[in-house]
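Enquirer: Protein chains in written order, with the working numbering: chain A, 20 to 483; chain B, 110 to 362.
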Amino acid sequence: MAAEPGSGRLVTELLTGWGRTAPSRASVARPAHLEEVHAVLGDPPSRGAIARGLGRSYGDAAQCAGGTVIDVTGMAKVRGFDGERGVVRVDAGISLGELTRLVLPLGWFPPVVPGTRHVTVGGAVAADIHGKNHHVDGSFCDHVEGFTLLTPTGTVEVTPDSEPDLFWATAGGMGLTGVVGEVTIRLQPVETAFVRVDTERACDLDDALARMEEGDHRYRYSVAWIDCLARGASLGRAVLTRGGHASLDDLPVKVRPKALRAEPRVVGTAPPWAPQGLLNQASVRAFNTVWFHRAPSLERGRLQPLHRFFHPLDAVQGWNRVYGERGFVQYQFVVPVGQERALAHAVERLSATRCPSFLAVLKRFGGHNDGPLSFPMAGWTLALDLQVGPPRVGPVLDELDEVVAEAGGRVYLAKDARLRPELLPVMYPRLDEWRRVQAKVDPTGVLRSDLARRLGLVERQGVG
Amino acid sequence: MRDALGRPQSLLLLGGTSEIGLATARALVSRRTRTVLLAGRHLDALEKAARGVREAGAERVEVLAFDADDTRSHAAFADHAFTHYGDIDVVLLAFGVLGDQRAAEEDPERAVALLRTNMVGAASVGLHSARHLRRQGHGTLVVLSSVAGERARRSNFVYGASKAGLDAFFQGLGDSLWGSGVRVLVVRPGFVRTKMTAGLEPPPLSTTPERVGDVIVRAVETGAEEAWAPPPLRFVMIGLRHLPRPLFRKLKV
Chain A
20 MAAEPGSGRL VTELLTGWGR TAPSRASVAR PAHLEEVHAV LGDPPSRGAI ARGLGRSYGD
80 AAQCAGGTVI DVTGMAKVRG FDGERGVVRV DAGISLGELT RLVLPLGWFP PVVPGTRHVT
140 VGGAVAADIH GKNHHVDGSF CDHVEGFTLL TPTGTVEVTP DSEPDLFWAT AGGMGLTGVV
200 GEVTIRLQPV ETAFVRVDTE RACDLDDALA RMEEGDHRYR YSVAWIDCLA RGASLGRAVL
260 TRGGHASLDD LPVKVRPKAL RAEPRVVGTA PPWAPQGLLN QASVRAFNTV WFHRAPSLER
320 GRLQPLHRFF HPLDAVQGWN RVYGERGFVQ YQFVVPVGQE RALAHAVERL SATRCPSFLA
380 VLKRFGGHND GPLSFPMAGW TLALDLQVGP PRVGPVLDEL DEVVAEAGGR VYLAKDARLR
440 PELLPVMYPR LDEWRRVQAK VDPTGVLRSD LARRLGLVER QGVG
Chain B
110 MRDALGRPQS LLLLGGTSEI GLATARALVS RRTRTVLLAG RHLDALEKAA RGVREAGAER
170 VEVLAFDADD TRSHAAFADH AFTHYGDIDV VLLAFGVLGD QRAAEEDPER AVALLRTNMV
230 GAASVGLHSA RHLRRQGHGT LVVLSSVAGE RARRSNFVYG ASKAGLDAFF QGLGDSLWGS
290 GVRVLVVRPG FVRTKMTAGL EPPPLSTTPE RVGDVIVRAV ETGAEEAWAP PPLRFVMIGL
350 RHLPRPLFRK LKV
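#1: What did DSSP end up calling A188 of chain A once you bin it into helix, strand or coil?
#2: Looking only at C-alpha atoms, which of A:Q300, A:E219, A:S302 and A:P324 sits nearest to P315 of chain A?
#3: Thinking C-beta only, is R473 of chain A closer than 8 Å to P440 of chain A?
#4: Roughly how many angstroms separate the alpha carbons of R98 of chain A and R292 of chain B, rounded to a whole number?
#5: If contact is defined by three or more beta carbon pairs under 8 Å, each pair taking one atom from either stretch, is the segment 287 to 300 of chain A in contact with the segment 339 to 346 of chain A?
#6: Under the DSSP definition of a beta bridge, which residues are partnered with P208 of chain A?
#7: Check the Cβ-Cβ distances between D404 of chain A and every residue of chain B, and say whether any is below 8 Å.
#8: Interface residues of chain A around S139 of chain B at Cβ under 7 Å?
#9: Could you please give me the residues that DSSP links to Y240 of chain A through a beta bridge?
#10: Name, going along the chain, the residues of the segment 237 to 248 of chain A whose beta-carbon falls closer than 9 Å to a beta-carbon of chain B.
#11: Leaving aside the five residues before and after R120 of chain A along the sequence, list all residues of the same chain whose C-beta is less than 6 Å from its C-beta, in chain order.
#12: Is the segment 351 to 362 of chain A touching the segment 395 to 408 of chain A in the sense that three or more CB pairs, one from each, lie closer than 8 Å?
#13: Leaving aside the five residues before and after G390 of chain A along the sequence, list all residues of the same chain whose C-beta is less than 7 Å from its C-beta, in chain order.
#14: Please state if the CB of L378 of chain A and the CB of T135 of chain A are separated by a distance shorter than 8 Å.
#15: Indicate the three-state DSSP secondary structure (helix, strand or coil) for Q300 of chain A in the structure shown.
#16: Out of A:R230, A:E164, A:G251 and A:G93, state which residue places its alpha-carbon closest to the alpha-carbon of V242 of chain A.
#17: I need the DSSP call for G27 of chain A, collapsed to helix, strand or coil.
#18: Is the beta carbon of V296 of chain B closer than 8 Å to that of V324 of chain B?
#19: Can you name the residues of chain A whose CB is closer than 7 Å to the CB of L146 of chain B?
#20: Go ahead and pull the three-state DSSP assignment for A68 of chain A.
#21: Under the three-state reduction of DSSP, which class applies to P324 of chain A: helix, strand or coil?
#22: May I ask you to list, following chain order, the residues of the segment 345 to 360 of chain A that have a beta carbon less than 9 Å from some beta carbon of chain B?
#23: Can you tell me the Cα-Cα spacing of D62 of chain A and I113 of chain A, whole angstroms?
#24: Check this for me: beta carbons of L53 of chain A and A45 of chain A, under 8 Å apart or not?
#25: Closest to K151 of chain A by C-alpha separation, out of A:V380, A:R28, A:L442 and A:Q406, would be which residue?
#26: Check whether the Cβ of T174 of chain A lies closer than 7 Å to any heavy atom of the ligand NAD, and answer yes or no.
#27: Touching or not, the segment 448 to 466 of chain A and the segment 400 to 415 of chain A, by the rule of three or more beta carbon pairs under 8 Å?
#28: Against G283 of chain B, what residues of chain A qualify as contacts under a CB-to-CB distance less than 9 Å, listed in chain order?
#29: Assign L466 of chain A to one of three DSSP states: helix, strand, or coil.
#30: What residues from chain B crowd round V412 of chain A, counting only those whose CB sits closer than 8 Å?
#31: Along the chain, which unbroken stretches of the beta strand (DSSP E) at least 3 residues long are found entirely within the segment 42 to 114 of chain A?
#32: According to DSSP, which residues form a beta bridge with G248 of chain B?
#33: I'd like to know whether the C-beta atoms of G308 of chain B and G115 of chain B end up nearer to each other than 8 Å.
#34: Write down the C-beta distance between E305 of chain A and D79 of chain A rounded to the nearest angstrom, noting that I regard them as a contact closer than 8 Å.
#35: Indicate whether at least one CB of chain B lies closer than 8 Å to the CB of S266 of chain A.
#36: Could you tell me whether any Cβ in chain B is nearer than 8 Å to the Cβ of R75 of chain A?
Written as structure tokens, this is what we have:
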């Protein structure tokens, strides 16, 4: 049982990320006020502490084995709103879904949303999340005007101008520079709760890349779903969905009075348990094939509610359980522009390995920002889910890591659960720079996570 | 830390010259394990074993003095091992002696010594390790039991009894650690061709330290609580366990 926020009680819990792998036990604090966060950081457990939001990181980023996990979801209020500029100040524990619910009727929308609305603003900062608009708008922290950061050495108001090093070390810093308290975000104006979507099929990977290169600049949002089980001439066949916020004029007259109304629907809940073998090559291949042929080969201007466009999987609660007892890993990497061959190699390897994988997501990124650990870079990112179980999954992903590193790319730490630690400095060449900033705010090593321990993100202490 | 695929990064091997233990260490090192601690009585032999583990690719191999029979030293030993080398993802209890059944029957002191090493020593260091693993919030405690513990045979019931006791002890410990983030894995090899069994006639389904090592690695990765090496022995032992005594006595085992 989770403790009531603000009760000051610590409850020990076995925690995992969204992929449900590598559980570890920690004391969980559920503060209702930032003073309680201070109290934890001021009297830190010997094995450290880390903030946790809604647990949507796939791997072990929000776990701290033997230490304390600070669940910030009990602090989720809106602190201020400037309706002129569309700037909002919120507690880091508020979810993007809740924020959307509050600001959408006023004609505003978060600047960047990921594939689920169930992420906290604090987590969005810590992972410097990206969305389907990265090629136009960059990542989440590009729209953050500032935040309060509670560190073991004190509380700081951080803006890109006042504390650029700390700001950018926190953007994508996976919570290891401190607990984010309140965040000021620039929202984007919208006229409706709909997206005008163009859909087209691409017959193979080259076709998909060419279409995205050629046409992405015409769209605010762009993503392609790739069938990684297709083989031969269909290797890398994809469905592109691209669009932009619908204006009032785009809506039928009848709908216009309710243009900003959006109610995300939950159509079902995944069963509490699924057999380990439910997803196999045959069932997943069949799904992918049906899905590919169901998509229109070309369709323009279809109006879709925001939630269905951005968060289709949120309609099924607990979908992560269908991968069975041992869970799954989401593998997401980016390779720079010009390294399309590495991308093709990865898709070929995944197809040849026949690890059952539902549709992979392909996206063309815009540039990178100043965050040393921020994931996006100008290039191509591919994300796919793989069930844990088949012994070949480990070696294949290890091999892909090498390909990605060789190509000058990297894997996304918010998704990672298995990277070979030696590759971390290769993929994130500014790691030492980040470590220096981290060590300055956390000289005694209070901020720790399983991810940090596994990858040696923060130089390990007490190791001989 | 264990990763999402269950691959550990560090190993404490108790019985640091055990052939099964070292084969397991090498198999782990070929995956994600970088730190290996070899603990045992004979430092020279441990140093030699350490070289082999380094050659297999481990970044850090340390040798620690450990005596299973000296249970009073176990607390300090575990405190040292768990505070100086970072997190320990896997503790593998691989020490043990086969003993000489006939000598043990004639000299009960020898039987007592065998039970002390295989069972009392393992229980003691197992509890001390469990205390640290629980605090750590994650980890796997692996113990080498034996199919000999599943049904006592007159030809080696002292050894069999020591493994039966150990097996029951660690099953119970595993249940008591349930939910702590720590798992206990009980491994039951059959006849393994090692220096411990040199000179004995290998029965059917005999195996090698490398194969047992592979079974252990896979079981650690999948989070299993029991494993047999080779795996089909599980079903052989189900049969043997249920064989009526008069029949079992007639078997030449």
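Virtual Cβ for every residue (Gly too), placed ideally from N, Cα, C.
Expert: Taking the coordinates as given:
#1: As a working mapping, residue 188 of chain A is identified with position 169 in the first sequence. Helix, per DSSP.
#2: As a working mapping, residue 315 of chain A is identified with position 296 in the first sequence. Selected option, being the one with the closest Cα: A:E219.
#3: In the first sequence, the residue the question calls residue 440 of chain A occupies position 421. In the first sequence, the residue the question calls residue 473 of chain A occupies position 454. Yes, these two residues count as a Cβ contact at 8 Å.
#4: Translated into the one-based positions of the first sequence, residue 98 of chain A becomes position 79. Translated into the one-based positions of the second sequence, residue 292 of chain B becomes position 183. Whole-angstrom Cα-Cα distance: 44 Å.
#5: yes
#6: Here the question's residue 208 of chain A lines up with position 189 in the first sequence. The partner list for P208 of chain A (beta bridge, DSSP) reads A:W127.
#7: One-based indexing of the first sequence puts residue 404 of chain A at position 385. No, D404 of chain A does not count as interfacial toward chain B.
#8: In the second sequence, residue 139 of chain B corresponds to position 30, counting from 1. Under the 7 Å cutoff, chain A gives no residues; its nearest Cβ is about 11 Å from S139 of chain B.
#9: One-based indexing of the first sequence puts residue 240 of chain A at position 221. Y240 of chain A pairs with A:G262.
#10: none
#11: Taking the first sequence and counting its residues from 1, the one referred to as residue 120 of chain A is at position 101. Contacts found: none.
#12: yes
#13: By 1-based counting over the first sequence, the position of residue 390 of chain A is 371. Taken in chain order, the residues that qualify are D147, C160, W187, A190 and G191.
#14: Numbered from its first residue, the first sequence carries residue 135 of chain A at position 116. Numbered from its first residue, the first sequence carries residue 378 of chain A at position 359. For T135 of chain A and L378 of chain A, no; Cβs fall outside 8 Å.
#15: For the purposes of this step, residue 300 of chain A is taken as residue 281 along the first sequence, with counting starting at 1. Note: Q300 of chain A maps to helix in three-state DSSP.
#16: Counting from one through the first sequence, the residue named residue 242 of chain A turns up at place 223. With distances taken between Cα atoms, V242 of chain A lies closest to A:R230.
#17: On the first sequence, position 8 is the one that residue 27 of chain A refers to. Note: G27 of chain A maps to coil in three-state DSSP.
#18: As a first step, residue 324 of chain B is located in the second sequence; it is residue number 215 there, counting from the start. As a first step, residue 296 of chain B is located in the second sequence; it is residue number 187 there, counting from the start. Contact flag set, yes.
#19: Translated into positions along the second sequence, residue 146 of chain B becomes position 37. Ordered by position in chain A, no residue passes the 7 Å Cβ test against L146 of chain B, which lies about 11 Å from the chain.
#20: Here residue 68 of chain A is taken as the residue at index 49 of the first sequence, counted from 1. Three-state DSSP puts A68 of chain A in a strand.
#21: Walking along the first sequence from the start, residue 324 of chain A turns up at place 305. Of the three classes helix, strand and coil, the one that applies to P324 of chain A here is strand, per DSSP.
#22: R345, G346, F347 and V348
#23: If you number the first sequence from 1, residue 62 of chain A lands on position 43. If you number the first sequence from 1, residue 113 of chain A lands on position 94. Cα to Cα, the separation comes out at about 26 Å.
#24: The residue you call residue 53 of chain A lines up with position 34 of the first sequence. The residue you call residue 45 of chain A lines up with position 26 of the first sequence. Contact flag unset, no.
#25: Position 132 of the first sequence, counted from the first residue, corresponds to residue 151 of chain A. Nearest of A:V380, A:R28, A:L442 and A:Q406 to K151 of chain A, Cα basis: A:V380.
#26: The ligand NAD is not part of the structure shown, which contains no ligands of any sort.
#27: no
#28: Stepping through the second sequence from its first residue, residue 283 of chain B is reached at position 174. Within chain A, no residue comes near G283 of chain B; the closest Cβ sits about 15 Å away, beyond 9 Å.
#29: Counting from one through the first sequence, the residue named residue 466 of chain A turns up at place 447. Residue state, collapsed to three classes: strand.
#30: Counting from one through the first sequence, the residue named residue 412 of chain A turns up at place 393. Within chain B, the residues near V412 of chain A are L114.
#31: 43 to 48, 68 to 71, 87 to 90, 97 to 101 and 106 to 110
#32: Residue numbering aside, residue 248 of chain B sits at position 139 when the second sequence is read from its first letter. In DSSP, G248 of chain B forms a bridge with B:V291.
#33: Position 199 of the second sequence, counted from the first residue, corresponds to residue 308 of chain B. Position 6 of the second sequence, counted from the first residue, corresponds to residue 115 of chain B. Not closer than 8 Å, so no.
#34: By 1-based counting over the first sequence, the position of residue 305 of chain A is 286. By 1-based counting over the first sequence, the position of residue 79 of chain A is 60. According to the sequence provided, residue 305 of chain A is Ala. The question's Glu does not apply to it. With a Cβ gap of about 32 Å, A305 of chain A and D79 of chain A do not count as contacting.
#35: Against the first sequence, residue 266 of chain A aligns to sequence position 247. Not one chain B Cβ lies under 8 Å of S266 of chain A.
#36: Along the first sequence, read from residue 1 onward, the residue named residue 75 of chain A stands at position 56. No, no contact with chain B.
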